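A.B. asks: Let me begin by handing over the structure; questions about it come next.
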Amino acid sequence: MNTREKILGKTEEFILENGIEKLTISKIAKELNISQPAIYKHFKSKDELLTILALRWLNGQTLVKIFPFDTSKYEHQKEIVHDWLWSVAIAKYEAHRKTPEMFALYTTYIGENLELGRKHILEMVESLKTAAKFESEEEAAAFKLLFIFITQKLPHSGMTNFKINLKISGLCLNRI
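Rendered as structure tokens:
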């Protein structure tokens, strides 16, 4: 394992054990028995380290389980869209339930970084567009808004709001 991966691994381990609030670069350097400048050789800043860690966690622990979305068992676009949205929402909910510390990192560094948040949403919409075989940008844009609505702060609002959001999305899906 190279130094960059060791830094990412130790940072994730630290967050899981102590929370993000107690994380400092000096603590990670001490845990790895390296200097702080050695960490900055691999990451420009603490924010960059945490952003990369958040993306790695999201993609490696959560989304890799559901993407690419298998559409082979579906006959109707409506079913694909419904199950795609459901899979994403459940994956994020479960990620929050299993590792709330890492989910907090994800929501902090992806949710508050407009460019990263935009990139993440566009990747998700592209996945849905491919799975559902949307032909127009307007269709994809409409579901982008639906995706944002359904997944917006789901884990923090509890299952009741999650189910309400999903019911509303079901009403929208009836329009397909």
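Under the UniProt record's numbering, the sequence shown has 147 at position 147, and the numbering climbs by one with no breaks.
Glycine included, C-beta positions come from ideal geometry on N, C-alpha and C.
As the structure is a prediction and not an experimental result, all values here were calculated from the model.
1. If you compare alpha carbons, which of E101, M102, S127 and S45 is closest to L85?
2. Return the CA-CA distance between E17 and H76, expressed in angstroms with no decimal places.
3. Kindly indicate the opening and closing residues of the alpha helix (DSSP H) around T3.
4. Is G117 helix, strand or coil by DSSP?
5. L63 and V88: beta carbons closer than 9 Å?
6. Buried or exposed for M1, please, with buried defined as at least 16 other CB atoms from any protein chain shown within 10 angstroms of its CB.
7. Rounded to whole angstroms, what's the CA-CA distance from L8 to L49? Just pull it up for me.
8. What distance in whole Å lies between the Cβ atoms of S26 and Q36, which are believed to be in contact at a cut-off of 8 Å?
9. How many angstroms separate the CA atom of A95 from the CA atom of Y106?
10. Hey, quick one: how far does the alpha helix (DSSP H) through T107 stretch, first residue to last?
11. Do we get a CB-CB distance below 9 Å when we pair K30 with the residues of chain C?
12. For the putative contact between L53 and E12, defined by C-beta atoms under 8 Å, what is the C-beta separation to the nearest angstrom?
C.D. replies: Let's see:
1. Indexing the sequence shown from 1 puts residue 85 at position 85. Ranking E101, M102, S127 and S45 by Cα distance to L85 puts S127 first.
2. Taking the sequence shown and counting its residues from 1, one reaches residue 17 at position 17. Taking the sequence shown and counting its residues from 1, one reaches residue 76 at position 76. Distance between the alpha carbons of E17 and H76: 45 Å.
3. As a first step, residue 3 must be located in the sequence shown, where it is residue number 3. Looking at the DSSP string, the run of the alpha helix (DSSP H) that includes T3 is T3 to N18.
4. Translated into positions along the sequence shown, residue 117 becomes position 117. Note: G117 maps to helix in three-state DSSP.
5. Position 63 of the sequence shown holds residue 63. Position 88 of the sequence shown holds residue 88. It is a contact, given that the beta carbons lie within the stated cut-off.
6. Along the sequence shown, one-based indexing puts residue 1 at 1. Under this definition M1 is an exposed residue.
7. Residue numbering aside, residue 8 sits at position 8 when the sequence shown is read from its first letter. Residue numbering aside, residue 49 sits at position 49 when the sequence shown is read from its first letter. Taking the straight line joining both Cα atoms gives about 7 Å.
8. Taking the first residue of the sequence shown as position 1, residue 36 is located at position 36. Taking the first residue of the sequence shown as position 1, residue 26 is located at position 26. Yes, they are in contact, since the Cβ atoms of Q36 and S26 sit about 6 Å apart, within 8 Å.
9. Your numbering for residue 95 matches position 95 in the sequence shown. Your numbering for residue 106 matches position 106 in the sequence shown. Cα to Cα, the separation comes out at about 10 Å.
10. Residue numbering aside, residue 107 sits at position 107 when the sequence shown is read from its first letter. From DSSP, the alpha helix (DSSP H) with T107 extends over P100 to Y109.
11. The structure shown contains no chain C; it is built from a single protein chain.
12. Here residue 53 is taken as the residue at index 53 of the sequence shown, counted from 1. Here residue 12 is taken as the residue at index 12 of the sequence shown, counted from 1. Indeed, because the Cβ distance is near 6 Å, the residues count as touching under 8 Å.
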